[in-house]
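Residue numbers (the UniProt record's numbering): 1 to 976.
Even for Gly, the Cβ is constructed at its ideal location relative to N, Cα and C.
On a predicted model such as this, the values are computed, not experimentally measured, just so you know.
Note sheet for the following structure.
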């Protein structure tokens, strides 16, 4: 027997003066009693027959077939996939403008299997079945112009239809109930589209935050605002009002495990507004945006230059705005604190929760102004509600929905979105009005309480009634409009008993079983509900507990999320796991891996954007509209699926993130209980942190990797290749540093250490000065030899590294027993220092150098040599950041070309030793240019030999040969 959707129409009697069959009063519906039907004159009104024939033509035009005809009712049947046609036909009859309201049809809709009884022409197939009984019964209890839907209709259970009040009555002595269809917005998707009409309002209730615009330079201001209180919106407003000064908005990125991740994303988002920067800082910015990182000192300098350019005369100091500062990675916060303390003194504002302390990484900065955002007053909440509609909302609707937000801007917005989606608040002639006098009078938080636990009809009207007809439906997506309460035990038990009783009634053959759950639910008290929120909020929220105000927005979001389809829900889950802001390709890959192709962004973007779930801060990027929404989505992931989601997220980050983003991937792998994979990812991230001179990040990642390896969980990664965007790092062997010292160097060449991995990048020829560009830079790289040394396992071990060239040297140090040298002259001490430095760097022995450095500092001689060797010794002992800062300061100082060449070359070698090949190359070329400007043949030889070593170790043999020829030529000129 085919399944059909049956639409039944009940009209007034065919003859003048006949009974109308009008339903009794609402009070009579409860008891089944009421006055007898009254004769009504049809004078001046269209006759029943004319109306019926008119609708028969409309039905045939829509493809419907006549299945029943009676004195007061007639019915049409459509296919199960023709819901829109069935609803359209019903609404045409209920809202026919050519018929007086009292004479319009009452309509009932049901669905089920029908048995054909015979054909009567092409457009009539007389049939009989339970759907016909149900639809006719609903038409009889409905008022003229009303469309009632069987709660068992699949579209009612799924929430596809927008339904409101529950209508109860009796037909032939049997209880009948139906859900009233919203004839203005029958489909929920149409109502949901109304959410997209909301506007971004002006700032309301955040005037204290604007005081932070006067924050003194060189300080950090604190803005305290709970979740949903408008803190993010206030920071956005502050950024706009900083003009013509510059502002940078920083928010947590990913799982906040990626070193400098928050700064990376902020600078990437603001790349179109990047000011002119020195070449060195441009390079640091490119490394940072690529996810390769940079040392904190350089990052702080970059922030200072970005926020307060030197050329910006008369422009107010820049402003760094940090949202959810307690969740931002500490390295980003450390760079911000360092930028605040620099000479051009940037300013920063950190948004914190009401009880959070300033993160330790920011605690070193002096604190300036402090401000807090309080809950909205009743008038402010109404102003915000009106602003969301651009003023196009009735005063009563603005008051009702303003109260539902419980004093939080986010709560107000989400309550408005919920009302629009449910049809409780709808557009009529471009003005938002409540659907009924009860709409908007009850909130989501109270709706989930025990107040309605006894009532199986309590679940957003239509959805709750559908749950009463089906025990499982009490917790399904349709019923989940009552965020959590629809699934409580009392409601589920009532739903089960209702379904059981209805099944018994159906077995007995009762015609009233067309509405499956009516038999049991009719026994309890009925509370009419129109799908609007349930419980009034306080008139003023100024004294409301912040924890209560945050619950309001959370409850509305839970309620809305439960109504969202599976595919868009999966897309939101993917975005939330990626941190709430991610590129389209990563979100699509993760969502489709977990939920299939229907979760592609291209398929669900309209639903998500029009529903105010996501925004697009830039092309091909998605962002959740609030951090509260992210928390709600993550909490909603079923526990049984969390491991799968985290494992898939780790894979997505590996493929789409930078080298340092592997720290986030490692964390997700650990959450998925894949300890071995997490360990490998953390080790790779530690290597990237080491290349960026982020020692604390490296130490933390190594410790995390060791902990995960100890768990022994999971399996290793599928491949053993580095998925980051940066190739393996080449670290310059210390042998080349001998050329920096003021003594002749050995002419013998020692191959680079196999303890250093060759960097496989191709150095760009276009970046080299034409006068010093080698003949070829495109030779195929030489595969690096396998490493023979292991990584230092403990971050506490600060001793000198063991050199691969180490030999057994005498332990006796002739200078270790004294800090003065009455025998040696300063010149001899300088020569001794050069020899000790060379031996120490080549053989890995640093003993004795400190004593010579101390003596030379006391004598005040060889200051340049002392500074360079001190920095190089610090580099050898692992203090890479301090060493590079010291050498760079010397290289940038004003000095004669010959000394400038030595300082630049020292800095270049240090950069290579730290694994930063490209900047090392450019710095060495600058040193060579200075040496040639000073006609310093010795300096030219040193620079050329260093470049020879650099290219050889990088696998560029042809280029290395070119620089070897340059060094030989310079040595010959020097000999002449």
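(message) So the candidates are 178, 334, 364 and 241; which of them puts its Cα closest to the Cα of residue 316?
(response) 241
(message) Run through the DSSP bridge pairs and tell me what residue 68 is partnered with.
(response) 75
(request) On a CA-only basis, which of 648, 330 and 570 is nearest residue 601? Give me that one, please. (result) 570
(request) Determine the direct distance from the alpha carbon of residue 238 to that of residue 4, and round the result to whole angstroms. (result) 59 Å
(request) Measure the C-alpha to C-alpha separation of residue 410 and residue 2 and round it to an integer number of angstroms. (result) 48 Å
(request) For chain C, find out if any of its Cβ atoms is closer than 7 Å to the Cβ of residue 890; answer yes or no. (result) Although the question refers to chain C, the structure presented lacks it and comprises just one protein chain.
(message) Using CA atoms only, rank isn't needed, just tell me which of 180, 247, 222 and 434 is closest to residue 395.
(response) 434
(request) In the DSSP assignment, find the beta strand (DSSP E) that holds residue 981 and state where it starts and stops. (result) Nothing about residue 981 can be reported from this structure: the residues present for the chain run from 1 to 976 only.
(request) Would you grab the beta carbon distance between residue 291 and residue 660 for me? Rounded to a whole angstrom, and I think it's under 8 Å. (result) 5 Å
(message) Quick check on the burial criterion: 16 or more other C-beta atoms within 10 angstroms. Buried or exposed for residue 373?
(response) buried
(request) Say whether the segment 651-665 touches the segment 248-255, bearing in mind that this needs 3 or more beta-carbon pairs closer than 8 Å, one atom from each stretch. (result) yes
(request) Determine the extent of the beta strand (DSSP E) in which residue 419 is found, giving its start and end residues. (result) Per DSSP, residue 419 belongs to no beta strand (DSSP E); it is in the alpha helix (DSSP H), 409-422.
(message) Please classify residue 936 as buried or exposed, where buried requires at least 16 neighbouring CB atoms within 10 angstroms.
(response) buried
(request) Would you identify the three-state DSSP class for residue 399, choosing helix, strand or coil? (result) helix
(message) Using only CA atoms, which one of 908, 203 and 930 lies nearest to residue 898?
(response) 930
(message) So the candidates are 972, 358, 414 and 682; which of them puts its Cα closest to the Cα of residue 552?
(response) 414
(request) Output the boundary residues of the alpha helix (DSSP H) element that contains residue 279. (result) 279-289
(request) Report the residue from 107, 98, 111 and 338 whose alpha carbon sits nearest the alpha carbon of residue 72. (result) 107
(message) So, under 8 Å CB-CB, residue 76 and residue 66 are touching, yes? Tell me the CB distance rounded to an integer number of Å.
(response) 6 Å
(request) Kindly indicate the opening and closing residues of the beta strand (DSSP E) around residue 587. (result) Not the beta strand (DSSP E): residue 587 falls in the alpha helix (DSSP H), residues 584-595.
(message) Can you confirm whether the segment 190-200 touches the segment 587-596 when touching is taken to mean that 3 or more C-beta pairs between the two stretches lie within less than 8 Å?
(response) no
(request) In the DSSP assignment, find the beta strand (DSSP E) that holds residue 895 and state where it starts and stops. (result) No beta strand (DSSP E) contains residue 895, which DSSP labels as neither H nor E.
(request) Please state whether DSSP places residue 274 in a helix, a strand or coil. (result) coil
(message) Between which two residues does the alpha helix (DSSP H) holding residue 572 run?
(response) 566-577
(request) Starting from the C-beta of residue 346, find all residues in its chain whose C-beta is less than 7 Å away, skip the five residues before and the five after it, and write them out in chain order. (result) 303, 304, 307, 308, 317, 318, 320, 339 and 340
(request) Enumerate in chain order the residues of its own chain whose CB-to-CB distance from residue 588 is below 6 Å, with the five nearest sequence positions on each side excluded. (result) 600 and 601
(request) Determine the contact status of residue 590 and residue 574, defining contact as a CB-CB distance below 7 Å. (result) yes
(message) Checking the sheet assignment: what are the DSSP bridge partners for residue 620?
(response) Partner(s): none; residue 620 has no beta bridge.
(request) Have a look at 713, 917, 96 and 190 and flag the residue whose alpha-carbon is nearest the alpha-carbon of residue 954. (result) 917
(request) Return the chain-ordered list of same chain residues with a C-beta closer than 7 Å to the C-beta of residue 217, the five sequence neighbours on each side being excluded. (result) 317, 345 and 347
(message) Along the chain, where does the alpha helix (DSSP H) containing residue 389 start, and where does it finish?
(response) Careful: residue 389 lies outside any alpha helix (DSSP H) and carries neither H nor E.
(message) Suppose you measure from the CA of residue 244 to the CA of residue 947; what does that come to, to the nearest Å?
(response) 45 Å
(request) Take residue 381 as the anchor and find which of 416, 336, 621 and 103 has the nearest alpha-carbon. (result) 416
(request) Would you decide whether residue 129 is buried or exposed? Buried here means 16 or more other CB atoms lie within 10 Å of its CB. (result) buried
(message) I'd like the list of long-range same chain contacts for residue 234, defined as Cβ closer than 6 Å, with 5 residues on each side in sequence excluded.
(response) 206 and 209
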